[in-house]
Amino acid sequence: MTLNDSTSLDTDLAESAAARSERLTAAGQAWGERIDARRDSAHLTYRVTGTGVGSVASRITAGKHEFAVDEPAALAGDDLAASPVEVALGALISCQVVVYRLYAHALGIQVDDVDVTAEGDLDAARLFGKDESVRAGFGDVRLTVRLTGPETAERYEELRAAVDAHCPVLDLFQNPTPVTTTVEVTAS
């Protein structure tokens, strides 16, 4: 299966509400017990590596997964994969889906389907050194979350508030995160 084949991906990832509920309950209980036993067990470190390929593309390795990131031709790329900012929006969307599922389950709110769209506005003038007064990153990001289910609007608003308070990638977008950069140079 490839991720480019959405039909295959949908088939492989589809699971019944009962199976999803069982997995969410088991994961929640296991993490709850682990954290209660040793608070520091909740501290996770993720490591992702990347190598430049082609004009401006990158080959990214995250655990056992490998994917490409590129730019469109207008930004010197070969347009072979999503751009870094599209990947960032994709990370936000996927984290929202995860946290909507987790908190819907935890709060007993039925969500049959969740679909998320993210739009981000970026001023490329900073990227190209033409205007240092604008942000290099997104100036604005808009999320549209479409939920399907039988609950009241109030219950879904309760769910949205819980997701907003607990989504790690939303937190990255909303709050400054300290980043330390070290450049290591190896003679060629």
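Per full-length UniProt numbering, residue 1 is the first one in the sequence shown, and the count goes up by one each step. For glycine and all other residues, C-beta sits at the position ideal for the given N, C-alpha and C.
Proximity of residue i and residue j at Cβ, strictly below 8 Å
i: LEU92; j: LEU170; result: yes
i: residue 223; j: GLY149; result: Residue 223 falls outside the range modelled here, since the chain spans only 1 to 188, and no answer is possible.
i: ARG20; j: ARG101; result: yes
i: GLU119; j: ARG155; result: no
i: ALA81; j: ALA68; result: yes
Top-ranked residue by Cα proximity to residue i, from the options
i: ASP140; options: SER94, GLU86 and ASP121; result: ASP121
i: LYS64; options: ASP78, ASP70, THR49 and HIS105; result: THR49
i: VAL163; options: LEU107, ASP79 and ARG23; result: LEU107
i: SER55; options: HIS43, GLU71, PRO178 and ARG126; result: GLU71
i: LEU172; options: ALA57, ALA42 and PHE138; result: PHE138
Cα-Cα separation between residue i and residue j, rounded to whole angstroms
i: THR25; j: CYS167; result: 18 Å
i: MET1; j: GLU132; result: A caution first: MET1 carries a pLDDT of 41, below 50, which makes its placement in the model too unreliable to give a value.
i: GLY113; j: SER94; result: The sequence given here places Asp at residue 113; Gly does not occur at that position. Going from the Cα of ASP113 to the Cα of SER94 covers about 13 Å.
i: VAL116; j: ALA104; result: 15 Å
i: ALA45; j: GLN29; result: First, the amino acid is wrong: residue 45 is Thr here, not Ala. Going from the Cα of THR45 to the Cα of GLN29 covers about 21 Å.
i: VAL134; j: ALA27; result: 42 Å
i: PRO84; j: ALA76; result: 13 Å
i: VAL185; j: ARG38; result: 39 Å
i: PRO176; j: THR152; result: 34 Å
i: ASP79; j: GLY129; result: 22 Å
i: GLU157; j: VAL99; result: 14 Å
i: THR182; j: ALA17; result: 45 Å
i: ARG59; j: VAL87; result: 13 Å
Coarse secondary structure for residue i, derived from DSSP in three states
i: ILE109; result: coil
i: VAL99; result: helix
i: GLY63; result: coil
i: GLY90; result: helix
i: SER58; result: strand
i: GLU71; result: coil
i: GLU184; result: coil
i: VAL85; result: helix
i: ALA104; result: helix
Please specify which runs of the beta strand (DSSP E), each continuous and at least 3 residues long, are wholly inside the region 124–173, giving them in chain order. 138–148
Threshold first: 4 residues or longer. Then list the alpha helix (DSSP H) segments lying entirely within the region 13–42, N to C. 17–37
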